[in-house]
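Engineer: Supplied in structure tokens, the structure appears directly below.
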């Protein structure tokens, strides 16, 4: 029996199916402002049938952007366009979500199609201050990268306050789901990992110290984010897949602390530390194991992500209890109607049932025409 299209109720929010558009940076914002591109980009996924449409990593501070063209939510002025986007998503029957993040040492990069390297716009523009990138211990992302500042107590307080302020703006903008980005080598991930956190104060050292900033952020966000709305946290469940860095055991302990603080779902990705090679084989659904381990070890909701490409594969993740949601990323870019096509594959007798009425009647009419015996006439 297929369960991929069963609804999921989290707090007071009903996600109509188990398919989520994974947050994917699109590098189309201007000074953090969403544009008509973002409206069309995210709106088409809602029309395509995804139950949860999550906007890309959205910076809580200007210097928290991974590129100068990332979305931002550090100002109330960002809210109106985001309200238009959430309205379109809701009108199309989906739940609007947003990922909140801070890039830390990975701030100020070029777009990936020009190399994901430190950008001249951020670091070498005459008459403009260099981006003030920060990190737990002042370690550069890699060879040839600018060294970030090691964070001071004031920096820690600023970041810890920026996340809940951004969450309040997200609520005002109409989002119903927040994911805090704590993976992929960005700021909170940099604190969680012993590879990038070499601090000797209360925000480093042992596992409890490394978790401290992320947990303070979660507590602050949960205090201001409505209790009726779900809160999610994205992790790199492992840094490298080896004994160095974050391990799955670390992530299970961390997830227990997240649950105690009101987090409803853990989005389980991996990797992101550029100075250390990723050891795990990359293949279909290669990260689903982490979502399954977290879900069953902690009794918390989980999200599977990573090379989940077809309906049968996605349904198996849900049907066997490995995760509560499946996040579809690049496959959604390739096919924004992925859920509708998945539904047709799993329920061929109801091929067009899940399409919006405005589309469904035309598609059904065309299918009836094609099913007739007489030859089709052209022209």
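In the numbering used here, the protein residues as written are 433 to 811. C-beta: ideal position from N, C-alpha, C; glycine also.
For a test of the three-state rule: what should DSSP assign to residue 631, helix, strand or coil?
Structural biologist: It is coil, neither helix nor strand.
Engineer: Select from 732, 762 and 582 the residue whose C-alpha is nearest the C-alpha of residue 454.
Structural biologist: Taking only the C-alpha atoms, the option nearest residue 454 is 762.
Engineer: Residue 534 and residue 504: beta carbons closer than 8 Å?
Structural biologist: Their beta carbons are not under 8 Å apart, which means residue 534 does not touch residue 504 by this criterion.
Engineer: Under the assumption that residue 569 contacts residue 551 (Cβ atoms under 8 Å), give the Cβ distance between them as a whole number of angstroms.
Structural biologist: Contact flag wrong, Cβ pair sits at about 23 Å.
Engineer: Run the CB neighbour count on residue 766, radius 10 Å, all protein chains shown included, and call it buried at 16 or more, exposed below.
Structural biologist: The residue in question, residue 766, is exposed, as its Cβ has fewer than 16 Cβ neighbours within 10 Å.
Engineer: Among the candidates 634, 606, 529 and 600, whose CA atom is the shortest distance from the CA of residue 652?
Structural biologist: Of 634, 606, 529 and 600, the residue nearest in Cα terms is 600.
Engineer: Suppose you measure from the CA of residue 470 to the CA of residue 692; what does that come to, to the nearest Å?
Structural biologist: Whole-angstrom Cα-Cα distance: 34 Å.
Engineer: Does DSSP put residue 559 in a helix, a strand or coil?
Structural biologist: It is coil, neither helix nor strand.
Engineer: From residue 618 to residue 540, what does the alpha carbon distance come to, in whole angstroms?
Structural biologist: About 12 Å.
Engineer: Per DSSP, residue 452 forms a beta bridge with which residues?
Structural biologist: Per DSSP, 484 and 759.
Engineer: Buried or exposed for residue 642, please, with buried defined as at least 16 other CB atoms from any protein chain shown within 10 angstroms of its CB.
Structural biologist: Buried is the call here.
Engineer: Taking the DSSP output, what are the residues bridged to residue 431?
Structural biologist: No answer is possible for residue 431: the residues shown for the chain start at 433 and end at 811.
Engineer: According to DSSP, what are the bridge partners of residue 668?
Structural biologist: DSSP lists 701 as partners of residue 668.
Engineer: Kindly indicate which three-state DSSP category residue 514 falls into: helix, strand or coil?
Structural biologist: Looking at residue 514 - three-state DSSP - the assignment turns out to be helix.
Engineer: Spatial neighbours of residue 587 within its chain, please: C-beta separation below 7 Å, excluding the five flanking residues on both sides.
Structural biologist: These residues qualify, in order along the chain: 566.
Engineer: Would you tell me roughly how many angstroms separate the C-alpha atoms of residue 614 and residue 467, rounded to the nearest one?
Structural biologist: Near 26 Å, if we compare the C-alpha coordinates of residue 467 and residue 614.
Engineer: Can you tell me where the alpha helix (DSSP H) holding residue 595 begins and where it ends?
Structural biologist: 585-604 is the extent of the alpha helix (DSSP H) around residue 595.
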